[in-house]
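Notes follow the structure.
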Amino acid sequence: MGAIDVALWDITGKAASLPIYKLLGGAARTHIPVYWSSGLGWQKTPGQMLDRVKEGWDLGYRAFKIRMDWYNNRLDSDPAKDMRLFDACRNFLPDDAALSFDANNGYTVSTAIQQGRYMEQQGLTHFEEPLPQYDYLGLKQVVEALSVPVSSGENERSLYNFRDMIKIGDPDIVQPDIAMAGGITGLRKVFTLCEAYNKPVMPHCPSAGISSAASLNIYATYQHAVRPHEYSYEFSGSLDAVMSLFQEPIVPENGYVDLTDRPGHGLVIDEDAFEKAKAAF
């Protein structure tokens, strides 16, 4: 549903010769900070995760997140290794560079609190999805136990799920995903809900290309969008390969994305490149 909704907004924008953010009433900003998101931590050594962070640093990013990508496949499998990954990256980055940690639903309440307390002492920026998705009561325990902001929401699919998560779990930051939450239309509703509860939003978007461009378009319109937007290409293929599919790609520079005035979500598929990529499969 999210993909269809984004496509319809793109069609409308191109028909009106307006970018989506102007269809939505205009941008609060078009120069948007993004953070470098690196995952598959369960497969990586601390050195391998650090190499990914260094890659982002060399590209000009100054905010980072490392992800475990366990999802609901385990609980508390190897918390000590998780912290070694975090320490390797934190020790490399200067104090003023943000570093967040995504447990991908991977901890029990007690372990999440233990891990969170350790990381906040080391300079954690925010702690993402510490518990299984629907453990809202447990989420509230973690939020109340930690000083560092705790975020959740990337797997929620309906406005009612977001309402219940906010009222019961009370996360400090809400992270809707444009593909999961119903596209542009769905995110508008979630953003309004978050504003009513005085919750900052920080969209989840671990893939480059159309999904990212659409998410950035709506994030640009939100007055309270003060935190960096996620940017990653690990679920969409190499950045060069993805961007080669578009006539004028939208690529971050030095940790920022500058939205253009091009209509729709701002991307136009290069038909020749698309056919070549399709034939390669």
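Quick note on my numbering: the sequence shown kicks off at 45 and runs consecutively. For each residue, glycine too, the CB sits at the ideal point set by N, CA and C. None of the values given here were measured: they were computed from a predicted structure.
Taking all protein chains shown into account, decide if residue i is buried (16 or more other Cβ within 10 angstroms of its Cβ) or exposed.
i	result
residue 63	buried
residue 98	exposed
residue 76	buried
residue 108	buried
residue 45	exposed
residue 102	exposed
residue 212	exposed
residue 89	exposed
residue 264	buried
residue 282	exposed
residue 121	exposed
residue 230	buried
residue 257	buried
residue 69	exposed
residue 297	exposed
residue 150	buried
residue 138	exposed
residue 165	exposed
Taking the straight line between their C-alpha atoms, what separation do you get for residue i and residue j?
i	j	result
residue 92	residue 57	42 Å
residue 119	residue 312	42 Å
residue 60	residue 53	10 Å
residue 87	residue 170	22 Å
residue 208	residue 321	42 Å
residue 227	residue 125	36 Å
residue 4	residue 261	This structure leaves residue 4 out entirely; the chain is present only between 45 and 325.
residue 188	residue 314	49 Å
residue 49	residue 284	26 Å
residue 160	residue 147	10 Å
residue 198	residue 221	5 Å
residue 295	residue 204	34 Å
residue 186	residue 140	25 Å
residue 176	residue 96	26 Å
residue 79	residue 110	10 Å
residue 143	residue 254	26 Å
residue 301	residue 74	8 Å
residue 131	residue 286	31 Å
residue 310	residue 324	26 Å
residue 216	residue 210	9 Å
residue 214	residue 193	11 Å
residue 105	residue 67	30 Å
Based on DSSP bridge pairs, tell me the residues matched to residue i.
i	result
residue 111	146
residue 79	274
residue 318	Looking at the DSSP assignment, residue 318 forms no beta bridge with any residue, so it has no partner.
residue 221	248
residue 171	145, 194
TODO: Please confirm if the stretch 178-192 is in contact with the stretch 155-168, defined as three or more CB-CB distances below 8 Å between the two stretches.
DONE: In short, these stretches touch, since the Cβ pair count reaches three.
Open item on the list: Pairs of beta-carbons, one from the stretch 236-245 and one from the stretch 261-275, closer than 8 Å: are there three or more?
Closed with: Contact between the stretch 236-245 and the stretch 261-275 is present, because at least three Cβ pairs lie under 8 Å.
- [ ] Starting from the N-terminal side, write out each stretch of the beta strand (DSSP E) that is 3 residues or longer and does not extend beyond the stretch 270-313.
- [x] 273-275, 300-302
Task: Cβ contact (3+ pairs, closer than 8 Å) linking the stretch 284-296 and the stretch 223-240 - done: Contact check between the stretch 284-296 and the stretch 223-240: fewer than three CB pairs, one atom from each, fall below 8 Å, which does not count as touching.
- [ ] Let me know the alpha helix (DSSP H) ranges lying completely inside the stretch 48-107, each 4 residues or longer, listed in chain order.
- [x] You should have 64-67, 90-102.
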